[in-house]
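*Asks:* First the structure, then my questions, so here it is.
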Amino acid sequence: MSVLFYIGALLIVIGALCDFFGALGLLRFPNFYVRLHAATVGIIGGAAVPLFGVALLALGADFLPNRYAIAGASFITGVIVLLASPAGSHALAYAAHRAKLVEWEPKVDHLGEVRGSD
Amino acid sequence: MRGKGLITAVIILTFAALMTYAVVSLQVFGEGTGVRPLGEFYLKNSYFGDYSARSPEVVTSILWDYRGIDTLFETAVFFLAIIGSLTVFRLTREQEKEVKKVESAPTELTPIVKDVTKVIVVMILAVSASIALHGHLTPGGGFQGGSALAVAPLLIIAAYSKYTLEGHGMDKTRALILRSIGLLGIALVALVPLLSDGFIMQNQPIFPAEIGGQLIGGSLIYYNFFEFLAVGAGFTAVFLLLSIPEEKFKKILGVKK
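Those protein sequences? They're chains A and B, same order as listed.
Oh and the first sequence: position 52 is 52 in the numbering used here, straight run, nothing missing.
Oh and the second sequence: position 10 is 1010 in the numbering used here, straight run, nothing missing.
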């Protein structure tokens, strides 16, 4: 068992934990924006990180046929998720804020202060 | 609420118990069963042998060889569905121009979304082409690749606007031309074996299994490529139609407010 195997397995375990906490947050958090944060934890931590883990695991497994193809595909998919997910959640939050669909009571609003709250 | 949770818990526990029972006593995932006779037949006739497609991806091979006519008609069903939606939204030449005209500056999403979309669209094009063109070697194929391809224009419509897509040359007419090229290609590849005394949609030995040492699976790669074009462009045409603003249609139809 190589070092790559252990690092990859560790990343997959981290992914499982992130998925668990993401699901928990999605059920328990009080409003839309915080729940969106929990969902993003589930995607980045629970999908992108384990995909990188799978890539490392495949690279470390000498017995696996086509391991470079598996590692490459996992890595590319991880990069795509890593790019698309923050943009997606940003678009969701932006749309919800713009359409004023979600009631929000900010504790701190620096942007509003700078602009001169109206 | 409490009763609902109880029912869910009972269902989940029953399912888990059944699965455990199946795995432990019935040996659903038992070992040593080996390849079954039917699987052996398909492997022999799609991967090994002189008259096979030499395609390691047996599913694609079965789809386009053993039940090729079936897949041809599946593609025809998709073609008819697209034709149906185009007919529902049919417009005259002037109305087409009206629909393409930008009246007010269209609302676009934030620079973050737009920049990420630019990168992602290029990646989607590459990945979908890889899914379709490796369809005879790895899981995937023309339809799957085409569906992935259609996500790219959809993202552009969402992040920028329908007019941006049309301004860059991907309008409905071009999408329809591409789709027709794809369908024509599939039909021609299906008919080619008739010219050299083969059966319709026959794969080997009319189409070479290898070109320059590269496995191409006989006719599979051509079918996959044309299906990729047909499905991707067909979906794009429908997305373009669906993204026409409601106001324009109301104007065209003369609906009074």
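Backbone N, C-alpha and C fix where the C-beta goes; we use that ideal spot for every residue, glycine too.
D118(A) to G112(A), Cα distance in whole Å?
*Replies:* The sequence position of residue 118(A) within the first sequence is 118, counting from 1. The sequence position of residue 112(A) within the first sequence is 112, counting from 1. Because the pLDDT of D118(A) is 49, which lies under 50, any placement of that residue in the model is unreliable, and the question is left without a value.
*Asks:* Check for me: the alpha helix (DSSP H) holding A1175(B) runs from which residue to which?
*Replies:* If you number the second sequence from 1, residue 1175(B) lands on position 175. Its alpha helix (DSSP H) spans residues 1172–1195.
*Asks:* My understanding is that V49(A) touches S74(A), with C-beta atoms under 8 Å, so please give their C-beta distance in whole angstroms.
*Replies:* Position 49 of the first sequence, counted from the first residue, corresponds to residue 49(A). Position 74 of the first sequence, counted from the first residue, corresponds to residue 74(A). Rounded, the Cβ-Cβ distance is 11 Å, inconsistent with contact.
*Asks:* Rounded to whole angstroms, how far is the Cβ of S1055(B) from the Cβ of Y1047(B), which I believe are closer than 8 Å?
*Replies:* Indexing the second sequence from 1 puts residue 1055(B) at position 55. Indexing the second sequence from 1 puts residue 1047(B) at position 47. So it is a contact: roughly 7 Å between Cβ atoms.
*Asks:* Exposed or buried, what is E1227(B) when buried is set at 16 or more other beta-carbons lying within 10 Å of its beta-carbon?
*Replies:* Taking the second sequence and counting its residues from 1, one reaches residue 1227(B) at position 227. Classification for E1227(B): buried.
*Asks:* To the nearest angstrom, how far is the alpha carbon of P1139(B) from that of N1224(B)?
*Replies:* Within the second sequence, residue 1139(B) is the residue found at index 139, counting from 1. Within the second sequence, residue 1224(B) is the residue found at index 224, counting from 1. About 12 Å.
*Asks:* What would DSSP say about W104(A), mapped onto helix, strand or coil?
*Replies:* Residue numbering aside, residue 104(A) sits at position 104 when the first sequence is read from its first letter. Coil, per DSSP.
*Asks:* Using a C-beta to C-beta distance shorter than 9 Å, which residues of chain A count as neighbours of V1113(B)?
*Replies:* Counted from its first residue, the second sequence places residue 1113(B) at position 113. Within 9 Å Cβ-Cβ: A87, G88, H90, A91, Y94.
*Asks:* Rounded to whole angstroms, what's the CA-CA distance from L996(B) to A1009(B)? Just pull it up for me.
*Replies:* Because chain B here runs from 1001 to 1257, residue 996(B) falls outside it and cannot be looked at.
*Asks:* Taking A84(A) and V1113(B) to be in contact with their CB atoms under 8 Å, please state how far apart those CB atoms are, rounded to whole angstroms.
*Replies:* Walking along the first sequence from the start, residue 84(A) turns up at place 84. Walking along the second sequence from the start, residue 1113(B) turns up at place 113. Not a contact, Cβ separation roughly 10 Å.
*Asks:* Looking at the unbroken alpha helix (DSSP H) that takes in K1248(B), where does it start and where does it end?
*Replies:* As a position in the second sequence, residue 1248(B) is number 248, starting the count at 1. 1246–1253 is the span of the alpha helix (DSSP H), which, as asked, contains K1248(B).
*Asks:* Does the Cβ of L36(A) have 16 or more other Cβ atoms within 10 Å, making it buried, or fewer, making it exposed?
*Replies:* Residue 36(A) sits at position 36 when you count from the first residue of the first sequence. Under this definition L36(A) is a buried residue.
*Asks:* Quick one: which residues of the stretch 1093–1112 of chain B get their C-beta closer than 9 Å to a C-beta of chain A? List them in chain order.
*Replies:* Correct list: L1109, T1110, I1112.
*Asks:* Rounded to a whole number of angstroms, what is the C-alpha to C-alpha distance between A1230(B) and I1244(B)?
*Replies:* As a working note, residue 1230(B) is residue 230 in the second sequence. As a working note, residue 1244(B) is residue 244 in the second sequence. A1230(B) and I1244(B): Cα-Cα distance of roughly 22 Å.
*Asks:* What residue ranges within the stretch 1101–1172 of chain B form continuous beta strand (DSSP E) runs of no fewer than 3 residues, ordered along the chain?
*Replies:* Complete beta strand (DSSP E) runs here, min 3: none at all.
*Asks:* Got a sec, what are the start and stop residues for the alpha helix (DSSP H) R1090(B) sits in?
*Replies:* Numbered from its first residue, the second sequence carries residue 1090(B) at position 90. Premise fails: R1090(B) is in no alpha helix (DSSP H) and is neither H nor E.
*Asks:* Count the other CB atoms, across all protein chains shown, that sit within 10 Å of the CB of R1090(B); report buried if there are 16 or more and exposed otherwise.
*Replies:* To locate residue 1090(B), count along the second sequence from 1; it is residue 90. By the 10 Å Cβ count, R1090(B) comes out exposed.
*Asks:* Should I43(A) be flagged as near chain B, meaning a C-beta pair shorter than 8 Å?
*Replies:* Within the first sequence, numbered from 1, the residue matching residue 43(A) stands at position 43. So no, I43(A) is outside the interface.
*Asks:* Excluding the 5 residues flanking S1085(B) on each side, which residues of the same chain have their C-beta closer than 7 Å to its C-beta?
*Replies:* What you label residue 1085(B) is simply residue 85 of the second sequence in a count that begins at 1. So the qualifying residues of the chain are V1238, L1241.
*Asks:* Starting from the Cα of N1203(B), find the closest Cα among L1006(B), G1068(B), F1015(B) and give me that residue.
*Replies:* On the second sequence, residue 1203(B) is found 203 positions in, with the first residue counted as 1. Of the candidates L1006(B), G1068(B), F1015(B), the one whose C-alpha sits nearest the C-alpha of N1203(B) is G1068(B).
*Asks:* Skipping 5 residues on each side, what residues in its chain have a beta carbon closer than 8 Å to that of L10(A)?
*Replies:* The residue you call residue 10(A) lines up with position 10 of the first sequence. Within the same chain, L10(A) has close Cβ partners G53.
*Asks:* Less than 8 Å between CB atoms is the rule here; does V3(A) satisfy it with respect to chain B?
*Replies:* In the first sequence, residue 3(A) corresponds to position 3, counting from 1. No, its Cβ sits nowhere closer than 8 Å to a Cβ of chain B.
*Asks:* If you run the structure through DSSP and keep just helix, strand and coil, what is D118(A)?
*Replies:* Taking the first sequence and counting its residues from 1, one reaches residue 118(A) at position 118. At D118(A), the pLDDT of 49 sits below 50, so the modelled position is not reliable; the number obtained from the coordinates is stated separately. Of the three classes helix, strand and coil, the one that applies to D118(A) here is coil, per DSSP.
*Asks:* Output yes if chain A places a C-beta closer than 8 Å to the C-beta of M1123(B); else output no.
*Replies:* Reading the second sequence from its first residue, position 123 is the one you call residue 1123(B). Taking Cβ atoms only, chain A reaches closer than 8 Å to M1123(B), which makes this a yes.
*Asks:* Does the beta carbon of V1255(B) come closer than 8 Å to any beta carbon on chain A?
*Replies:* Position 255 of the second sequence holds residue 1255(B). So, not an interface residue.
*Asks:* Tell me the DSSP secondary structure of P1007(B) in three-state form.
*Replies:* Taking the second sequence and counting its residues from 1, one reaches residue 1007(B) at position 7. Looking at the sequence provided, one finds Ile at residue 1007(B) rather than Pro. Helix at I1007(B).
*Asks:* Who are the near neighbours of A1158(B) in its chain, counting only those whose CB is closer than 6 Å to its CB and skipping five residues on each side?
*Replies:* In the second sequence, the residue the question calls residue 1158(B) occupies position 158. No residues qualify anywhere along the chain.
*Asks:* On the DSSP bridge list, what partners appear for L1215(B)?
*Replies:* Residue mapping note: residue 1215(B) aligns to position 215 of the second sequence, counting from 1. DSSP output for L1215(B) lists E1210(B) as bridge partner(s).
*Asks:* Can you give me the start and stop residues for the alpha helix (DSSP H) that D19(A) sits inside?
*Replies:* Here residue 19(A) is taken as the residue at index 19 of the first sequence, counted from 1. 3–28 is the extent of the alpha helix (DSSP H) around D19(A).
*Asks:* Within 8 Å of any Cβ in chain B, is that where the Cβ of I14(A) sits?
*Replies:* Translated into the one-based positions of the first sequence, residue 14(A) becomes position 14. Answer no: the Cβ-Cβ gap between I14(A) and chain B never drops below 8 Å.
*Asks:* So for S1055(B), helix, strand or coil by DSSP?
*Replies:* Translated into positions along the second sequence, residue 1055(B) becomes position 55. Looking at S1055(B) - three-state DSSP - the assignment turns out to be coil, as it is neither helix nor strand.
*Asks:* Using 8 Å as the limit for Cβ to Cβ distance, is L83(A) near chain B?
*Replies:* Here residue 83(A) refers to the residue found at position 83 when the first sequence is read from its first residue. Chain B, which has a Cβ nearer than 8 Å to the Cβ of L83(A), makes this yes.
*Asks:* Note down the Cα distance separating I1216(B) from S1196(B), rounded to an integer number of angstroms.
*Replies:* For the purposes of this step, residue 1216(B) is taken as residue 216 along the second sequence, with counting starting at 1. For the purposes of this step, residue 1196(B) is taken as residue 196 along the second sequence, with counting starting at 1. C-alpha separation (whole angstroms): 20 Å.
*Asks:* Alpha carbon to alpha carbon, what distance is there between T77(A) and E1284(B)?
*Replies:* Residue 1284(B) lies beyond the range of chain B shown here (1001 to 1257); nothing can be said about it.
*Asks:* Ordered along the chain, which non-local residues of its own chain (more than five positions away) have a Cβ less than 7 Å from that of A96(A)?
*Replies:* By 1-based counting over the first sequence, the position of residue 96(A) is 96. Contacts found: F32, V102.
*Asks:* Taking C-beta pairs closer than 9 Å, name the residues in chain A that I1120(B) reaches, listed in chain order.
*Replies:* Taking the second sequence and counting its residues from 1, one reaches residue 1120(B) at position 120. I80, L83, A84, A87, listed in chain order.
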